[in-house]
Every structure is written in C-alpha cells, then in structure tokens.
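Protein chains: 2
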Amino acid sequence: MDDETARDQVVTAADRLFYAHGVHAVGMDAVRAEAQVSLKRIYSLFPSKDDLVVAVLHHRTEQWATGLEAAVRAAATPRDRLLAVFDFLDAWFREDDFRGCAFINSFGELGATSPAVAEAVRAQKAAFQEYVLGLVREEGLPDVVAAQLAILAEGAQTTAAISGDPAAAAQAREAAAVLVDAALARGEHASTV
Amino acid sequence: MDDETARDQVVTAADRLFYAHGVHAVGMDAVRAEAQVSLKRIYSLFPSKDDLVVAVLHHRTEQWATGLEAAVRAAATPRDRLLAVFDFLDAWFREDDFRGCAFINSFGELGATSPAVAEAVRAQKAAFQEYVLGLVREEGLPDVVAAQLAILAEGAQTTAAISGDPAAAAQAREAAAVLVDAALARGEHASTV
DNA sequence: TACAGTAGAGAACGATGGTTCTCCGTGCAA
DNA sequence: TTGCACGGAGAACCATCGTTCTCTACTGTA
C-alpha cells in the first residue's frame, strides 16, 4: 500500500470515529484498528494526533464543498440556488449518522486548546460564507443578505444537532425565502423609485 | 464554610475554567485550586466530574435566563422585546471572555459520550425556544416565527464564536426584524382581506 | 487534658492515552 | 544463500487525570 492510500484510509477512518464519538473519546489505537494501518505508519504520515485532526477537517471541508456545490448546481434559478443550500442541509440532517456539524463540534471540543484546529474551523466557515456571498451576488442582492443566510445555516445545524429534529432545515429555508424575497422587493422598489 | 457556599464556589470556579478552556482540558485539581475547596469536599458535593459539569450547565441556564429576561423587560414594545434578544447577544459577544455558547461547546465536546450533558444542553435550548415562543405569541405572530428567530440566535452564537466577530449579532438582529415585519405584514393583510 | 469527629492537604491508585521502541518476518538485491 | 532495509504488531514508556485513601491538624466537649 502506498502512502497516499494509507493516508486516505487513516483520514477516512479517523473522520468516521471522531465524528461519531468526539476526538477525545477516540484513541489513536482505535484509529489504527479502524484504518488497518499500523501506528508506526500513522505517525510517519501525521506527526501528532492534532495534525490528524486538522487533516480530517480539511478532508471534510472538501467533501462538504463538493456536496454543496452539486446540490446548488442542480437548482434552476438564482433564487433556487440560494435555497438549495437549505435543501442540502435538510437531506444531511436526515442521515442516520448525523451528529451536527463536525466543525462546530470540533471547535467546541478543541478550539480553546488547539490553534490549528480553531484555524481550520474558521477557514471552513469563512469559505462557506464566501460561497454564499457569491450566490447572493449572482442574484443581485446586497452582501448583507449573505451573512444573514449563513447565520441561518449555522443556526439550523446546531439546532438540528441538539434537538435531534431535522425540521430546523425547513424552518431555516422558509426564513431564508422571506429574507431573499424581502431583499428582492426592496431592490425593485429602489430601482423603480 | 457551609455546604451551600462551598457548592457555589465550586460551580462558579468550574464554570469559569470549563468555559475558558473546555471541560477535558481542566482537571479536577485545577477546579480545587480555583474554588479553594478540597477534592474531598468537591467529591462529597458532586459524585463525579460529569455531575459537576451538569451542575455548571444548570447554573448557566439560570444565569442566561435571568440576563435575557432582564434585557427583554427593558424593551418597550412587543416588537422591541423580540429584537432585544439580539441586543442581548450583541452585548454578550463583546465581552472580553466571550468564547461562544457554553452549551453548544459542551455539546460538541461531551454530547456524544455523556447523555446527562446532552440532556442538559437540550433542555436549555428547548427552554430558550419556549421563551421566544412566548414573546412571539405576545406579538400575535405565528409560532413558526419563533423557530426562525431561535435559529437566527443559535447561528449568531456559533458564527460570532468561530469568526471572533461580534457583528453576527447585528446581522441576525436585522434579519429578525425583516422576518418579524414580514410576518406582521402578512398578518395585517390576512386580517384586512 | 483526653478524646471523638471532621475536614483538609496531598499522596496514592488505577486506568487511559499519545507516542516511541523493540522485535520479528518479509521481500529484494547481489 | 546471505545480508539488509522496511513495515507491522504490539509492548513499553511516560504523563495525565478521575477518584480514593491516609495522615495530620483542629474543634468542641467532658
């Protein structure tokens, strides 16, 4: 097995375990067992557990971006593309192993003690906001709407995680629709005056 | 020192330490040092660290409710009372030691391993939603608005915590105002038709 | 003064976990 | 075949931490 596939197996296994049980609750030996890669090899690929956590977060960042972009691309109009973000959340919340946002969870667990983890989480959230901002601008809406939609998305994630009820996605979607339409109405009003 | 004040000192000290550094990062010995209460005493008051964590969360729940209710009471109109929730968040986010919502952080850290902690967090969030629901009904708005406002509040908390920027409160407040006004307009429209 | 009971300081204990090390088997080169 | 570099399995090491225990000091009482 070459380094690349070993690395992949370790990251995938660690992701699964960390997400399901939390980082502290999972020992490196459990990662070794799940990944079927020796501890020696793991430590040759990742200098420390902290580095592995960061690698897992980067991996999740890519996965998330890929899935989100696919969901958005499937929508027809700019307005639907904005709301597709929340449909994407809805589908995610309904998955059996949904346990909230891995980034928010990791931040709560390690943000105070690991600057590298805190930075990885910050980067992911910033990237998401940037992505939403792009969608908002396509719609010709003011930038502030992007921040509002991002806040709705974050709130839906924590609410769904803690309450265990996926309904938060639909509620956030409805709120997003109201915000978007209100901004559209204001824009049209402004342009017609 | 009687049991009650000892208990208070321990909970207050543990709250400060857990919030600042996370639960795992703080040993019971650090709690003992900060609270100036012997380990023996601590363990006679709380059977385990987990029980202490739950006690801290309950303490925070009361503190939060008290502060929020005071902020809401200071507002004049029902609409202002709804928005006062976000002004309360704004003031909180600007505090020097703000490190996000302790409940969300604790859930991320321990929710997967400690049912008692998960339940305490769930209870706090449910109580908050219930409180917002009361304010929304005072305004004569449909219940769904309460869920939307609660999601905005949660999103503002995680966004402010991760980005480190208190602006999320003002952005959420603006979104809340739009949602409330839209609901009011729909209501008036419905009653005038 | 002698004593019983309590509480505190801090050592001790047992478990766990991150990280490193040792030992062994394997495959490859000459 | 011999020697060697490599990788794996898992023990070992060291630190930390939750929890308990021991020993000592002190308080109030007869």
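Just so you know, the sequences run in chain order U and F. Mapping to UniProt numbering: the first sequence position 28 is 28, numbers consecutive. Mapping to UniProt numbering: the second sequence position 107 is 107, numbers consecutive. Note that CB positions come from ideal geometry on N, CA and C, so glycine has one too. In this text, all values refer to a predicted model and were calculated from it rather than measured experimentally.
Option in the options with minimal Cα separation from residue i
i, options, result
"residue 37 of chain U", "U:175, U:77 and U:14", "U:14"
"residue 27 of chain F", "F:92, F:9, F:129 and F:52", "F:52"
"residue 165 of chain U", "U:1, U:96 and U:5", "U:96"
"residue 116 of chain U", "U:50, U:1 and U:25", "U:50"
"residue 150 of chain F", "U:167, U:17 and U:73", "U:167"
"residue 98 of chain U", "U:19, U:179 and U:183", "U:19"
"residue 77 of chain U", "U:3, U:12, U:30 and U:139", "U:139"
"residue 180 of chain F", "F:61, F:147 and F:30", "F:147"
"residue 47 of chain F", "F:7, F:73, F:25 and F:141", "F:7"
"residue 169 of chain U", "U:93, U:143 and U:21", "U:93"
Rounded C-alpha distance that separates residue i from residue j
i, j, result
"residue 89 of chain F", "residue 44 of chain U", "45 Å"
"residue 192 of chain F", "residue 159 of chain F", "Because the pLDDT at residue 192 of chain F is just 49, under 50, the model does not fix this residue reliably, and the point stays unresolved."
"residue 32 of chain U", "residue 54 of chain U", "17 Å"
"residue 145 of chain U", "residue 57 of chain U", "27 Å"
"residue 204 of chain U", "residue 35 of chain F", "There is simply no residue 204 of chain U to check, as chain U begins at 1 and stops at 193 in what is shown."
"residue 119 of chain U", "residue 185 of chain F", "42 Å"
"residue 175 of chain F", "residue 5 of chain U", "46 Å"
"residue 112 of chain F", "residue 187 of chain U", "45 Å"
"residue 17 of chain U", "residue 23 of chain U", "8 Å"
"residue 200 of chain U", "residue 156 of chain F", "Outside the modelled stretch of chain U, which goes from 1 to 193, sits residue 200 of chain U, for which no answer is possible."
"residue 75 of chain F", "residue 9 of chain U", "56 Å"
"residue 1 of chain U", "residue 71 of chain U", "34 Å"
"residue 219 of chain F", "residue 11 of chain F", "Residue 219 of chain F falls outside the range modelled here, since chain F spans only 1 to 193, and no answer is possible."
"residue 154 of chain F", "residue 40 of chain U", "42 Å"
"residue 100 of chain F", "residue 114 of chain U", "16 Å"
"residue 183 of chain F", "residue 131 of chain F", "19 Å"
"residue 86 of chain U", "residue 123 of chain F", "25 Å"
"residue 91 of chain F", "residue 162 of chain F", "17 Å"
"residue 61 of chain U", "residue 69 of chain U", "12 Å"
"residue 152 of chain U", "residue 3 of chain F", "44 Å"
"residue 215 of chain U", "residue 29 of chain F", "This structure cannot speak to residue 215 of chain U, because chain U is shown only from 1 to 193."
"residue 21 of chain U", "residue 42 of chain F", "28 Å"
"residue 25 of chain U", "residue 121 of chain U", "20 Å"
"residue 142 of chain F", "residue 142 of chain U", "28 Å"
"residue 73 of chain F", "residue 73 of chain U", "46 Å"
> For the segment 129-136 of chain F against the segment 76-85 of chain F, are there 3 or more C-beta pairs whose distance is under 8 Å?
Replying inline: They touch, by the three-pair rule.
> For the 8 Å Cβ check, are there 3 or more pairs between the segment 59-69 of chain U and the segment 121-129 of chain U?
Replying inline: Touching, yes.
> On the three-pair Cβ rule with 8 Å, is the segment 105-117 of chain F touching the segment 100-111 of chain U?
Replying inline: Judged by Cβ distances under 8 Å, the segment 105-117 of chain F makes contact with the segment 100-111 of chain U, as three or more pairs qualify.
> At what residue ranges does the segment 91-145 of chain F contain a whole run of the alpha helix (DSSP H), taking only runs of 4 or more?
Replying inline: Residue ranges of uninterrupted alpha helix (DSSP H) with 4 or more members, entirely inside the segment 91-145 of chain F and ordered along the chain, are 102-110 and 115-138.
> At which residue ranges does the UniProt domain "HTH tetR-type" (4-64) of chain U contain complete alpha helix (DSSP H) runs of 4 or more residues, listed in the order of the chain?
Replying inline: Annotation: the UniProt domain "HTH tetR-type" (4-64) of chain U contains the following complete segments of the alpha helix (DSSP H) (minimum length 4 residues), in chain order: 28-35 and 39-45.
> Which ranges does the alpha helix (DSSP H) cover as unbroken runs of at least 4 residues, wholly within the segment 68-94 of chain U, from first to last along the chain?
Replying inline: Whole alpha helix (DSSP H) segments, 4+ residues: 78-93.
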